[in-house]
Structure formats: structure tokens, C-alpha cells
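Trainee: This structure is in C-alpha cells; I'll ask about it shortly.
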Ligand SMILES: Nc1nc2c(c(=O)[nH]1)N[C@H]1C(S)=C(S)[C@@H](COP(=O)(O)OP(=O)(O)OC[C@H]3O[C@@H](n4cnc5c(=O)[nH]c(N)nc54)[C@H](O)[C@@H]3O)O[C@H]1N2
Ligand SMILES: Nc1nc2c(c(=O)[nH]1)N[C@H]1C(S)=C(S)[C@@H](COP(=O)(O)OP(=O)(O)OC[C@H]3O[C@@H](n4cnc5c(=O)[nH]c(N)nc54)[C@H](O)[C@@H]3O)O[C@H]1N2
Ligand SMILES: [Mo]
């Protein structure tokens, strides 16, 4: 069991210490974010500007304009050529110069003597490649295949060239892969069953909506640039409704906030649907022309659902449900944004199917300004050239083996034939971000060799044998698109790589060279190449046409950013769904194939165990993306430790006061955090946020069980984790 202790620490107070912390020089030449202003930099001469792309796993995926003076980044801002980024970056984005020049960066390859000992020694790249390559060849010899080698890579950096890591592993033979996504699996399956895929309208179309429901989404924190369009729409008279168990910053901007009981949103949507049926407010023509299974669904709702029942289940008063239903059904086009947070429950997929049905019966799907918007991948049609080289001749095995990324520890331990003996980790921090970190650690313990490529000494790096320093986006080349907006962004190399850092692509080439030196033909991945040539290979005719560009270089010359053709920005505009029937499927045989009810039926929420009656949610944090950003000193200056939000009623019951240290306990683990008493959370729920705070032994996952969501296999290969169905008890420590 992991334990953890946080004592109250001094806040950094006063501008003097802040200035020292930021390492700033004389005042006067500085822009508001503390960096040398563009004008001042220009006056000094030798100023260059570059386009960069924020590659984090974030809706906004911004286009950045970077000013470099004498080889050093002096200013960054949002690219004004991109109408979504709109010349502005979020708080995290504005700290990028510090991300680049942080003293905490891993500077050269290192080997640790004794996993977790902190006893690191610097080694050369050649030594690092040699140790790794020898181990790969040794495993191949011993087991007759490379299946004992496991890759865990996900979302630290979504630059398309970073798929070189997957490509390099495929180039040595068949390996074991962490498959799936923690972000959206249940909801994506739901939309897959209903419509054939998840596909969202361009978020700039919030401006075209007459009504907006943000359903379990917190864009004020997790998609700051979407808020511009939402607030503009509001100013024009669009009503904004936020449905969330927590009074989020987004909720504070709403015309109406609805505090739903967590994991009961399916009941809310079905209650609204019943009202809409009863009052003939549904779009009979739309469902007749564009759907199958409507009559079965209609019968199910009339037989099983009442608005009274929905009110009881959700805690939302009946008149509110009725008014919401009427307003939504009559204010066309009405836009729903379903957040990923909402589906991190054991019934997450079922809830999304019910909300989809609400949009479908009101004819809001396929309309500009409407839609049931969740996620989309329409702009991701690159060549993925880095992944295409294939296994060398004579590789043992026939195909890759998959383990669920979301239950990584347990599945690695269970994979026995052959066992997993080596891990390659890139763009991931499983020891902090996965549920049950103790189990993940156990899986690590079984390895002969753990290699992690990262920028910082994360919890995962601390428990690795070899760390390889990687570049920031500013030090390498790339291309990025979003799973939300419709822009493509160029990433230029603005500065030389710092220290001995290399991009994941260069690492892949370097390792291939070493493997081939030691055993000719053992790796099919190219051993050299200019990253600019690699990035050009990603473009095919379809993607060029979609963005009206000839090449990466052409996009760079045209302002570093381009928006996809309008013809794809209204999801399902042609009403040709990608389901087996080609229609919207209220009745889905595909769902049955995957073991679910064919209809969007109500599914019960997870019930709290008796000893652990308090729901403990761990949503995404405003000053970080998972384990990135928050640990930077610029952001530590704003918030230097994690905390536990508790409603005053619960705090009173437990004798807890503000800033008291609270022990949080359940069957998975225990930890302590300072209390923050707030009415923003419901009385039966406590909240801690995702993140890595420097010098604090914390992960939001210490008490999180690997409880599976209901869906995920159809679209993403694996189910996700019901992170928000975590139940605990608390006491004053
Ligand atoms: N600043 C910042 N931005 C990010 C990220 C980050 O870590 N930080 N992460 C990025 C990634 S990888 C992702 S996946 C997205 C996540 O983006 P979001 O989905 O916006 O974020 P979450 O914080 O996971 O959850 C959103 C909301 O869902 C609510 N919620 C939880 N359970 C329920 C429920 O049962 N019903 C309802 N109605 N609401 C519920 C939570 O209270 C929370 O306010 O954000 C991306 N953007
Ligand atoms: N309790 C709880 N847990 C959660 C969630 C939750 O809501 N609650 N949300 C889940 C979700 S939605 C997600 S997406 C996951 C995210 O979990 P992870 O995918 O682990 O995400 P990050 O912490 O953003 O990034 C991992 C690492 O990538 C590194 N990195 C950045 N750029 C590069 C690069 O170019 N190359 C390499 N090799 N490394 C790089 C970063 O320094 C960081 O250490 O967390 C999940 N965990
Ligand atoms: Mo995510």
C-alpha cells in the first residue's frame, strides 16, 4: 500500500521572491508574462520568428508564434492566423519558455544503479543505445520473439512524427503494446454504436447555436479557447446550461447550472426524452428518415421512464427537467458538448448513448450549431509513414500482443506466454497517471530493463533503469492536429536541442543504427534522415486537399496553420452515418455484439461500499495537463501543493477545518492532503485534482481502483477506467 504525506508548506509570497524564482532580469523590457517583449527583442536585432504547435493531449492544440533572439526563446504567444487559437495561449502554454529552460530538465542519458535508488550516472548516447540494443537481442534469442518487450506510449506529445516510437518497436519484430486510451473510450463506443463513429462539429460553431449544454465538460479549465466561442454566443443571446456534480469555473459562467448526482446523467437524458415524447416535441420526420430502431426506443422509454423517476434518481427537480427538456427541444439548433469527464463511470457509455438519443430525437444531429459533440478524428488522415517498416525477416511470433493501457500493471503481470521482461515508456507517466500505482510498480519489478524517454524526472523515470532525454516541441520538427477543432499546425525547429536531448524520432533512428551494428538486419527502421523529410512524408493527396496545402513547407509559408475544408466541419451533415445500416441506430446490433443492450437504456450507477461512502473524484487541473506543467516553478508559484476539496457539511461532520491534514482511505491505498473547504463540491463527494507537484509525493491515483468503464473495446480496443467511481472515507489526520 502506498502512503503519502503532505505537510503544510510555506507559500511563496511577495513579488521579490517571485521575481527571483522566475530568474528575471531588470524590469522594463519585460512583457506581462515576464519575458522580454517582442518589441524589445526586435530592437536588439537578430530576431527570428517560428511557428510551433502545442502537442499536448488537449482539445485546443494551439498554434504558437515563437520569437527567438540569439538562439534563445525570448517570447511566445498564440498565432493570430489561427481563428481558434486567436493569438492567445492558456496559462500553461505561456509557461513554455520555462518548460524549455527549466533547470529540472533531464540533460543527458543516464543509468540508475538500483531502481528507485536515485543513484543515477551519466552515460553517453552510444552506451545507452548499446545497453538497450543488447537487451533486445538477448530477449529475442532467449524467447524466440520480441513479445517480451512492451511499449507503453500515449499522450505526452501528439506530434505525428512521434509515432516513430511505435514504428521503431514494430521494426524489431512483434512486441507487446499498451492499447486503448484513458480519455474517451466508453463515450466513443457509445457514439460508435449510435452513429458509427465519434465526430464533432467545429467548436467555432458554438457561435451558431441557439442553446448550449455543457454536459460534464469543464472547458474553462480543459479547453480555454472554446470558452471564447461559448461566451460570445452567450453575449448574442444563446442560453448556456452546465450540467456537472461540481460547481466548476465553467458552471460559474452559465445561465443555468444543474447539479446532477454523479453517474446519473443517463436518467436525466431519458427523463427529458420522456417529456419530449409526451409533449410531441420530437422531430418525427428526422427520426423516420434517418434512424432505425426508433419505435423500440419509444416503447422502452414509455414503459420504463418517467420524469418523476428521473428527478428522484438525479436529484434534479422535476420542473427543472421539464423546462430543460422543453427549452432544448425547441431552441434549434441546440448544441450539446459531452465532456470526457462525464463518462469516467461504470455506466459512462450508456449515459452517452442516452444523451446522443436526446440530440437525435430533436433532429439536432447534422446541423451547424447543433450536434452532440464529443471528439473527432476527421483531420488525422496522415500517412503514419514512421509506422510502416514492419518486422524484420525471421521475427518470431505473428502479431503484436495487446495489454490494456488503462489497467496496465495487472495486465502486464498476467501476460505470461511469454512474460514481459523489458519496457519502453515514452510520452507516459504510468506510475502517476494509472489506477493502482502499486500494481503498476509490481509489474515494473518483473522487468529486466525499463527505458523511459522523458523531459523530467517523473515518478516513472525515478523507477526506470535508463532515461533518455527528449526535446521540447521548440527543439524539433513536427505537425499536429486536434481531436476537437479543425486546424493543422506546423511545428518548426525554433532552437537547437538543449543539452543532449533528442526527439523520439531521432532516438528511433539511433537505436536502429545500433541494433543493425550489433546484428545486421535486426531492425528495419531507417538509421538516418532529416526530420523535415520525414514530416513531408506524412502528407498524402487527401490531407493536402482537405487543408488546401501542397506540403509541410507550403503550410509553413502560409502562416503555419490551416483549417480543414468546410465540407467536413458539420458532423454528419450528409446524414450518412457509419453504422451497419447507414442510419442513426437507436437499436444497435453492434452494441449487442459487444455484450450490451441494443437500445440506449438506463444503466445503474456504481454503488458506494458501506465502509467507503464518500465519492472521491479526480478531474483535470487548470494549471497542468496530467503530470505536465504544474511542477514548473512558474506554476508552483501560483499553487504549490495539491489539496482535497470538502463540502462544509461533510467537514463539520468529520471535525475537519480548512488546511487541516486529512487522511483519505480505501481498500486500494491511503494518503493525506490538506483540506480546502468549499461549497463547490456536493456534501457526499470530495475532490482532488490530477497533477504532479514538485517535491510532493502525490498522485491522484493512490486510492483509485482499476474499475472498468462499461465500454471501449469497439472503437478503442480496450475499456477505460471509471476514475470518478472511486469511493473513500476521510478523517482528520
Ligand atoms: N488544463 C487541462 N486541460 C486538459 C487536460 C488537463 O489535464 N488539464 N487534459 C486533457 C485531456 S487528456 C482530457 S481527456 C480532457 C478532459 O476534459 P474534460 O472532460 O473537460 O475534463 P474532466 O476534468 O475529466 O471532466 C470534466 C467534468 O466532468 C465532470 N463529471 C464527472 N463525473 C460526472 C458525471 O457523472 N456527470 C456529469 N454531468 N459530469 C461529471 C467533472 O466534475 C468535471 O467538471 O481535457 C484535456 N485538457
Ligand atoms: N485519477 C485520474 N487519473 C487519470 C485521469 C483522471 O481524470 N483521473 N485522466 C486520465 C487521462 S484522460 C489521461 S489522457 C492520462 C494521461 O496520462 P499520460 O499519458 O501519462 O500523460 P502526461 O502526464 O501528460 O504525459 C506523460 C509524460 O510525457 C512526457 N513527454 C512530453 N513530451 C514528450 C515527448 O516529446 N517525448 C516523450 N518521450 N515524452 C514526452 C511528459 O514529460 C510526461 O512525463 O491520465 C489519466 N489518469
Ligand atoms: Mo485524456
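In the UniProt record's numbering, the protein residues as written are 1 to 733. Virtual Cβ for every residue (Gly too), placed ideally from N, Cα, C.
1. Does the Cβ-Cβ distance between residue 354 and residue 185 come in under 8 Å?
2. Is there at least one non-hydrogen atom of ligand 3 closer than 7 Å to the beta-carbon of residue 406?
3. Unbroken alpha helix (DSSP H) runs of length 4 or more, entirely within the segment 235-315: which are they?
4. I need the straight-line Cα distance from residue 733 to residue 663, nearest angstrom please.
5. Relative to the C-alpha of residue 715, which candidate in 135, 60, 181, 46 has its C-alpha closest?
6. Using the C-alpha atoms, what's the distance from residue 576 back to residue 98?
7. Applying the criterion that 16 or more other CB atoms from any shown protein chain within 10 Å of the CB defines a buried residue, is residue 720 buried or exposed?
8. Using 7 Å as the cut-off, classify the Cβ of residue 454 as near or not near the heavy atoms of ligand 2, replying yes or no.
9. How is residue 711 classed by DSSP in three states: helix, strand or coil?
10. Roughly how many angstroms lie between the CA atoms of residue 346 and residue 187, to the nearest whole one?
11. What are the boundary residues of the beta strand (DSSP E) that residue 165 is part of?
12. Going by C-alpha to C-alpha distance, which of 47, 730, 76, 59 sits closest to residue 70?
13. Decide if the segment 379-392 is in contact with the segment 589-600; the criterion is three or more beta carbon pairs, one per stretch, under 8 Å apart.
14. At 4 residues or longer, what runs of the alpha helix (DSSP H) sit wholly inside the segment 376-449?
15. Can you confirm whether the segment 462-475 touches the segment 538-553 when touching is taken to mean that 3 or more C-beta pairs between the two stretches lie within less than 8 Å?
16. With hydrogens ignored, establish whether the beta-carbon of residue 182 is closer than 7 Å to any heavy atom of ligand 3.
17. Please report whether the beta-carbon of residue 255 lies at a distance below 8 Å from any beta-carbon of chain C.
18. With distance defined between alpha-carbon atoms, name the residue in 627, 703, 174 nearest to residue 672.
19. Contact between the segment 578-595 and the segment 285-305 is defined here as three or more beta-carbon pairs at a separation below 8 Å; is this criterion met?
20. When you compare only the Cα positions, how much space is there between residue 193 and residue 595?
21. From residue 136 to residue 167, what distance separates their C-alpha atoms?
22. Once the 5 residues before and after residue 200 are set aside, which same chain residues still bring their CB inside 7 Å of it?
23. Give me the Cα-Cα distance between residue 359 and residue 378, rounded to the nearest whole angstrom.
24. Residue 564 to residue 420, Cα distance in whole Å?
25. Assign residue 638 to one of two classes, buried (16 or more other C-beta atoms within 10 Å of its C-beta) or exposed (fewer than that).
26. For residue 195, name the three-state secondary structure that DSSP assigns.
27. Whole angstroms is fine: what's the gap from residue 417's alpha carbon to residue 448's?
28. Taking three-plus beta-carbon pairs below 8 Å as touching, is the segment 264-282 in contact with the segment 315-329?
29. In the DSSP assignment, what residue or residues form a beta bridge with residue 734?
30. Taking just the CA atoms, how far does residue 398 sit from residue 174?
31. In whole angstroms, what is the alpha-carbon distance linking residue 629 and residue 50?
32. Between residue 741 and ligand 2, is there a pair consisting of the residue's CB and a ligand heavy atom that are separated by less than 7 Å?
33. Tell me where the alpha helix (DSSP H) around residue 127 begins and ends.
34. So, helix, strand or coil for residue 22, using DSSP?
Mentor: Considering the structure as presented:
1. For this step, residue 354 is matched to residue 354 along the chain shown. For this step, residue 185 is matched to residue 185 along the chain shown. For residue 354 and residue 185, no; Cβs fall outside 8 Å.
2. Looking up residue 406 in the chain shown gives position 406. Residue 406 Cβ: outside cutoff for every heavy atom of ligand 3.
3. The alpha helix (DSSP H) runs lying completely inside the segment 235-315 and spanning 4 residues or more are 265-278, 284-290, 294-304, 307-314, given in chain order.
4. Numbered from its first residue, the chain shown carries residue 733 at position 733. Numbered from its first residue, the chain shown carries residue 663 at position 663. Take the alpha-carbon of residue 733 and the one of residue 663: they are about 5 Å apart.
5. Here the question's residue 715 lines up with position 715 in the chain shown. Relative to the Cα of residue 715, the nearest Cα in the group 135, 60, 181, 46 belongs to 181.
6. By 1-based counting over the chain shown, the position of residue 98 is 98. By 1-based counting over the chain shown, the position of residue 576 is 576. The C-alpha of residue 576 is placed about 47 Å away from the C-alpha of residue 98.
7. Here the question's residue 720 lines up with position 720 in the chain shown. Around the beta carbon of residue 720, a 10 Å sphere encloses 16 or more other beta carbons of the protein chains shown; the residue is thus reported as buried.
8. Working through the chain shown from its first residue, we reach residue 454 at position 454. Under cutoff, so the answer is yes.
9. Your numbering for residue 711 matches position 711 in the chain shown. The answer is coil: DSSP assigns residue 711 none of H, G, I, E or B.
10. Along the chain shown, read from residue 1 onward, the residue named residue 346 stands at position 346. Along the chain shown, read from residue 1 onward, the residue named residue 187 stands at position 187. So the two alpha carbons sit approximately 11 Å from each other.
11. Here the question's residue 165 lines up with position 165 in the chain shown. From DSSP, residue 165 is part of no beta strand (DSSP E) but of the alpha helix (DSSP H) over 164-170.
12. Walking along the chain shown from the start, residue 70 turns up at place 70. Selected option, being the one with the closest Cα: 47.
13. By the Cβ test, the segment 379-392 is not in contact with the segment 589-600, since fewer than three Cβ pairs between them sit closer than 8 Å.
14. Taken in chain order, the unbroken stretches of alpha helix (DSSP H) that lie wholly in the segment 376-449 and span 4 residues or more are 408-414, 430-433, 437-445.
15. By the criterion of at least three beta-carbon pairs nearer than 8 Å, the segment 538-553 is not in contact with the segment 462-475.
16. In the chain shown, the residue the question calls residue 182 occupies position 182. Yes - ligand 3 has a heavy atom lying nearer than 7 Å to the Cβ of residue 182.
17. Absent from the structure is chain C; it holds one protein chain and no more.
18. As a working note, residue 672 is residue 672 in the chain shown. Selected option, being the one with the closest Cα: 703.
19. Touching, yes, given that three or more Cβ pairs across the two stretches are closer than 8 Å.
20. Against the chain shown, residue 193 aligns to sequence position 193. Against the chain shown, residue 595 aligns to sequence position 595. In a straight line, the C-alpha of residue 193 is about 12 Å away from that of residue 595.
21. Reading the chain shown from its first residue, position 136 is the one you call residue 136. Reading the chain shown from its first residue, position 167 is the one you call residue 167. Between residue 136 and residue 167, the alpha-carbon positions lie close to 15 Å from each other.
22. On the chain shown, position 200 is the one that residue 200 refers to. Closer than 7 Å at Cβ, skipping near neighbours: 371, 373, 374, 375, 376, 484, 571.
23. Here residue 359 refers to the residue found at position 359 of the chain shown. Here residue 378 refers to the residue found at position 378 of the chain shown. In this structure, the straight-line span from the alpha carbon of residue 359 to that of residue 378 is close to 21 Å.
24. As a first step, residue 564 must be located in the chain shown, where it is residue number 564. As a first step, residue 420 must be located in the chain shown, where it is residue number 420. Going by the C-alpha atoms only, they are around 42 Å apart.
25. What you label residue 638 is simply residue 638 of the chain shown in a count that begins at 1. Around the beta carbon of residue 638, fewer than 16 other beta carbons lie within 10 angstroms, which makes this residue exposed.
26. Here residue 195 corresponds to residue number 195 of the chain shown, with the count starting at 1. Helix, per DSSP.
27. Numbered from 1 along the chain shown, position 417 holds the residue referred to as residue 417. Numbered from 1 along the chain shown, position 448 holds the residue referred to as residue 448. Inter-residue distance for residue 417 and residue 448 is about 16 Å (C-alpha atoms, whole angstroms).
28. Touching, per the Cβ criterion.
29. Outside the shown range of the chain, which is 1 to 733, sits residue 734, and nothing can be said about it.
30. Along the chain shown, one-based indexing puts residue 174 at 174. Along the chain shown, one-based indexing puts residue 398 at 398. If you take the alpha carbons of residue 174 and residue 398, they lie about 7 Å apart.
31. On the chain shown, residue 629 is found 629 positions in, with the first residue counted as 1. On the chain shown, residue 50 is found 50 positions in, with the first residue counted as 1. Pairing residue 629 with residue 50, the inter-Cα distance amounts to about 22 Å.
32. Here the chain comprises residues numbered 1 to 733, so residue 741 is not present and cannot be evaluated.
33. The count along the chain shown starts at 1 and reaches residue 127 at position 127. Looking at the DSSP string, the run of the alpha helix (DSSP H) that includes residue 127 is 125-143.
34. The residue you call residue 22 lines up with position 22 of the chain shown. Note on residue 22: pLDDT 32, under 50, position unreliable in the model; no value is reported.
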